[in-house]
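Each remark here refers to the structure printed beneath this line.
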Amino acid sequence: MARQGTPFTPFLSKVVLGQALSAEEAEAAFTLIMGEHVSEIELSAFLTALYMRGETSAELSGAVRAVRRAMQALKDVPDDTVDVCGTGGDGLGTLNVSTATAFVLAGLGVPVAKHGGRALSSRAGATDVLEALGIPAEASHVVQETRLREDGLAFLAAPYHHPAMRIATPVRKGLGFRTLFNLLGPLCNPARVRRQLVGVFDETWCQPVAQVLGELGGTSIWVVHGHTDEGGIDELTLAGPTHNEVWEAGQIFSFDITPEMAGLPCYEIAALKGGDAQANAQAMKRLFAGEKGCYRDTVLLNAAIGLHVAGRGNLLENGALSVPALRRNIAQAAHSLDEGDAQEALIRAQRGVRAQS
1 MARQGTPFTP FLSKVVLGQA LSAEEAEAAF TLIMGEHVSE IELSAFLTAL
51 YMRGETSAEL SGAVRAVRRA MQALKDVPDD TVDVCGTGGD GLGTLNVSTA
101 TAFVLAGLGV PVAKHGGRAL SSRAGATDVL EALGIPAEAS HVVQETRLRE
151 DGLAFLAAPY HHPAMRIATP VRKGLGFRTL FNLLGPLCNP ARVRRQLVGV
201 FDETWCQPVA QVLGELGGTS IWVVHGHTDE GGIDELTLAG PTHNEVWEAG
251 QIFSFDITPE MAGLPCYEIA ALKGGDAQAN AQAMKRLFAG EKGCYRDTVL
301 LNAAIGLHVA GRGNLLENGA LSVPALRRNI AQAAHSLDEG DAQEALIRAQ
351 RGVRAQS
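In UniProt numbering, the protein residues as written are 1 to 357.
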């Protein structure tokens, strides 16, 4: 007697055969996953088959719609709030650039809703480093909204907004390679931000991610992938050129940024290598205390792009990057570090935790 399938079986069978799902099929499949109607074995096979064949932009779009519908979102968020995050999965084990960038931007008055989680393939994710800095993950959405409104900075730990994703956590850890879920996190910010700087683990995803975020209502979307002497990285880098795909006013603009264009030194990626959460937290404290070098300069470059995304320093002229404007934004970001504004943003975040305890 033939074994009876589940509602998920048609989608699993299709991807196992190497066939692509339509956006509607992907949305239906991920709706089942978010509803916890899929076993870990089914999910493992599904993610592996997608990875082996290569996920499509239509599958990403459908998955994002399903995950956004299931997430527990914030309600009271300023319209100009930004997010700066990476997909992870690049395997380089670098210091936490996007988290440091969030403090630099907050120090300049940019409201930041930083979405992140714990490390899966690296040694220290955003949540791990923040805990080491004395900023544990906050479960209350009301408190997160208060922190964003009063401090201009909130850290949104994924488990408190995407509880349905808990089925995926052991599967992702067990598989050990990057999956479609690496892309879903940055595309499903619980603050529903429309301004984002996103780093991706593979350049081929820059354009699709920009397109999906733009079509879902993005105002200013900047997606990057850096090239280094040890492979790709999900940040703007000073170890080589960074490819950029930018969504503005319904159009996508493409170009590369080099260290020379930024007026910053070129480094080997080894200069940005990190450690565990405690080591990375100490490196961030030294950065905010004035330490110079690769970490500082890399954060400055990422913050310069973040300022454009926030609407605080336009970098585009007829769809092309303005090098003088880029250098002005870098100088503005340096002011946040040199004048102690980024460090003050860290202190405010730590103080906010103590006030709630």
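Backbone N, C-alpha and C define an ideal beta-carbon position, used for all residues, glycine too.
Bear in mind that the values here come from a model prediction, so they are computed numbers and not experimental data.
Answer with yes or no whether the minimum CB distance from L92 to chain C is below 8 Å. No chain C is present in this structure, which holds just one protein chain.
Which runs of the alpha helix (DSSP H) fall wholly inside the region 238-264 and span at least 4 residues, in chain order? 259-262
Using the C-alpha atoms, what's the distance from V209 back to D79? Here residue 79 refers to the residue found at position 79 of the sequence shown. Here residue 209 refers to the residue found at position 209 of the sequence shown. Those two C-alpha atoms are separated by around 21 Å.
Can we say the region 278-289 touches the region 255-265, given the rule of at least three CB pairs closer than 8 Å? no
Pair every Cβ in the region 224-243 with every Cβ in the region 262-275, then say whether three or more of these pairs are closer than 8 Å. yes
Between L133, P163 and A124, which lies nearest to A139 when the distance is taken from Cα to Cα? As a first step, residue 139 is located in the sequence shown; it is residue number 139 there, counting from the start. Comparing Cα positions, the closest option is P163.
Whole-angstrom C-beta distance between T99 and A303, which should lie under 8 Å: Position 303 of the sequence shown, counted from the first residue, corresponds to residue 303. Position 99 of the sequence shown, counted from the first residue, corresponds to residue 99. That pair is no contact at about 12 Å.
For L148, count neighbouring C-beta atoms within 10 Å of its own C-beta (all shown protein chains included) and say buried if the count is 16 or more, exposed if not. What you label residue 148 is simply residue 148 of the sequence shown in a count that begins at 1. The residue in question, L148, is buried, as its Cβ has 16 or more Cβ neighbours within 10 Å.
Proximity winner among A320, A289 and A334, relative to L307 (alpha-carbon distances): If you number the sequence shown from 1, residue 307 lands on position 307. If we check each option's Cα against that of L307, A334 comes out closest.
Ignore the nearest five residues each way along the sequence and tell me which others in E36's own chain have a CB closer than 8 Å to its CB. The residue given as residue 36 occupies position 36 in the sequence shown. A164 and I167.
Between which two residues does the beta strand (DSSP E) carrying R195 extend? Here residue 195 refers to the residue found at position 195 when the sequence shown is read from its first residue. Run containing R195: R195 to G199, per the beta strand (DSSP E) assignment.
So is E339 buried or exposed if we call it buried at 16+ other beta carbons inside 10 Å? On the sequence shown, position 339 is the one that residue 339 refers to. Counting Cβ neighbours within 10 Å, E339 comes out exposed, since fewer than 16 surround it.
Relative to the C-alpha of R172, which candidate in P10, A157, S44 and A289 has its C-alpha closest? For this step, residue 172 is matched to residue 172 along the sequence shown. Closest by alpha carbon: S44.
Can you tell me which of the three DSSP states C188 falls into? Against the sequence shown, residue 188 aligns to sequence position 188. Looking at C188 - three-state DSSP - the assignment turns out to be coil, as it is neither helix nor strand.
Between the region 316-328 and the region 83-96, do three or more beta carbon pairs fall short of 8 Å? no
Per the contact definition of three or more C-beta pairs closer than 8 Å, is the region 128-147 in contact with the region 7-21? no
I'd like the list of long-range same chain contacts for G109, defined as Cβ closer than 7 Å, with 5 residues on each side in sequence excluded. Taking the first residue of the sequence shown as position 1, residue 109 is located at position 109. Correct list, in chain order: G152.
In three-state DSSP terms, what is H141? On the sequence shown, residue 141 is found 141 positions in, with the first residue counted as 1. Residue state, collapsed to three classes: helix.
Helix, strand or coil: which one does DSSP assign to T101? Here residue 101 corresponds to residue number 101 of the sequence shown, with the count starting at 1. DSSP places T101 in helix when its eight states are reduced to three.
Can you tell me the Cα-Cα spacing of T127 and P136, whole angstroms? To locate residue 127, count along the sequence shown from 1; it is residue 127. To locate residue 136, count along the sequence shown from 1; it is residue 136. Going by the C-alpha atoms only, they are around 7 Å apart.
Going by other Cβ atoms of all chains shown within 10 Å of its Cβ, with 16 needed for buried, is K75 buried or exposed? The sequence position of residue 75 within the sequence shown is 75, counting from 1. So K75 counts as exposed.
Quick check: what's the CA-CA separation for G293 versus A23? Position 293 of the sequence shown, counted from the start, is the residue given in the question as residue 293. Position 23 of the sequence shown, counted from the start, is the residue given in the question as residue 23. G293 and A23: Cα-Cα distance of roughly 44 Å.
Starting from S220, trace the beta strand (DSSP E) both ways and give me its first and last residue. Stepping through the sequence shown from its first residue, residue 220 is reached at position 220. Segment S220 to T228, the beta strand (DSSP E) holding S220.
Where DSSP assigns a beta bridge to C85, which residues make up the other side? As a position in the sequence shown, residue 85 is number 85, starting the count at 1. Paired residues: V198.
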